[in-house]
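K.L.:
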Amino acid sequence: MRNYIKITALSLMALLASCTDVVDVDVQQGPTRLVIQASLDWEKGTAGNEQLVKLSTSTEFFETTNNTAVTGASVSVTNDTSGAEFIFADQNNGEYTTTEFVPVLNQSYTLNVVHDGATYTAQETLMPVTDITDLYQDREDGFDDEELELHVEFTDPADEENYYLFKFQRQGDLLPELEVGDDEFVNGNEIDWWYEKEENEDTDKIDVLKPGDVVAIEMYGISEAYYDYMDILIDQIGGVGIFSATPVAVKGNCINLTNPDNYAHGYFRLTEVNRTSYTFE
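Using the working numbering, read the sequence shown as starting at 368 and increasing by one per residue.
Structure, rendered in structure tokens:
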């Protein structure tokens, strides 16, 4: 009987092995593009003079190459009113830095990148952000009234359109969570923005906030154009599902003046930002 069981098990294993097919996925390949990460963020309470631009190249979906840094480029940002030009020095690792930047709220700036014979440019305005007036925890306003959520309170400036980007990252989490909002229906009012951990659709695991958790909070004032860009990007990050957005190419504001068809990925943004953290009790 024992030998019969062994033979049956071996037969089943052989059958399963013989039914295994290798599926080759034909992934559409696109051209290699310059990737511009130019987020000039002025943290409240700082001079804002130290800024960083990162340049790299895009890779194919299954590419395992880690070194995509772009060196040897020319990077500068110009104040469109005064004409003051800020040169970003090449650090030979894909990073370009300056300690001379002068941030001016509501001022327009132009980014200029020259790489591999092509000139890329983008224009954006340095957007202000209102102060955070209170941080607290509760259990009443989230999707699950038994779990903790974090509340960020602030007063939206009246008589103007405002757009916000929120970045939440719990200590120990690999990636932050991003959310965008606007004041279309709450202009000039006190706003209570709450954040909680949601169910992971891939694992069906609910990793809730707990006492002792520390969450880093960043609140940015952003332009309407950057709000639209991030709104689409966040939908893309959300993955594929019955109610998910149809995947589309997300183009930033960086234009290739030499060859418009060979545009760069990424975005040139200028923001004022609140940075703080909260420890759950």
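Backbone N, C-alpha and C define an ideal beta-carbon position, used for all residues, glycine too.
Do you know how far the Cα of L478 is from the Cα of S443?
P.N.:
Distance between the alpha carbons of S443 and L478: 6 Å.
K.L.:
For T435, which residues of its own chain have a beta-carbon under 7 Å away from its beta-carbon, when the five flanking residues on both sides are left out?
P.N.:
Here the set comprises S423, T424, T426.
K.L.:
Is Y587 near V519, with beta carbons less than 8 Å apart?
P.N.:
No; because the gap between Cβ atoms is not below 8 Å, this pair is not in contact.
K.L.:
For a test of the three-state rule: what should DSSP assign to A440, helix, strand or coil?
P.N.:
Correct three-state label for A440: coil.
K.L.:
Take I622 and list the residues in its own chain whose beta-carbon comes closer than 6 Å to its own, dropping the five residues that flank it on each side.
P.N.:
Result list for I622: T488, in chain order.
K.L.:
On the three-state DSSP scale, how would you describe L624?
P.N.:
Three-state result, L624: coil.
K.L.:
Should K421 go down as buried or exposed, given a rule of 16 or more other Cβ atoms within 10 Å for buried?
P.N.:
Under this definition K421 is a buried residue.
K.L.:
Might you give, ordered along the chain, the residues of its own chain that have their beta carbon closer than 8 Å to the beta carbon of F647, omitting 5 neighbours on each side?
P.N.:
Here the set comprises Q504, L515, L517, L576, K577, P578, G579, D580, V581, V582.
K.L.:
Is the Cβ-Cβ distance between I589 and T638 less than 8 Å?
P.N.:
Result yes, Cβ atoms of I589 and T638 sit closer than 8 Å.
K.L.:
Tell me, please, whether the CB atom of Y645 is closer than 8 Å to any CB atom in chain B?
P.N.:
The structure shown contains no chain B, having only a single protein chain.
K.L.:
Comparing alpha-carbon positions, which option in E467, N529, T438 lies nearest N473?
P.N.:
That would be N529, whose Cα lies nearest to the Cα of N473.
K.L.:
Assign I604 to buried or exposed, taking buried as 16 or more other Cβ atoms, counted over all protein chains shown, within 10 Å of its Cβ.
P.N.:
Exposed, because fewer than 16 other Cβ atoms sit within 10 Å of the Cβ of I604.
K.L.:
Helix, strand or coil for D447? Go by DSSP, reduced to three states.
P.N.:
It is coil, neither helix nor strand.
K.L.:
Quick one: give me the first and last residue of the beta strand (DSSP E) that A485 is part of.
P.N.:
Looking at the DSSP string, the run of the beta strand (DSSP E) that includes A485 is 485–492.
K.L.:
Taking C-alpha atoms, which residue in G439, E557, D559, L541 lies nearest to G484?
P.N.:
Of the listed residues, the one whose Cα sits closest to G484 is G439.
K.L.:
When the Cα of E563 is compared with those of K618, D550, E527, E507, which residue comes out closest?
P.N.:
Considering only alpha carbons, the answer is E507.
K.L.:
Thinking just about the alpha-carbon of each residue, which of D447, S449, S644, E467 is nearest to the one in A414?
P.N.:
Checked all of D447, S449, S644, E467; the closest Cα to A414 is E467.
K.L.:
Taking the beta carbon of L493 as the centre, do at least 16 other beta carbons fall within 10 Å, making it buried, or is it exposed?
P.N.:
L493 comes out buried.
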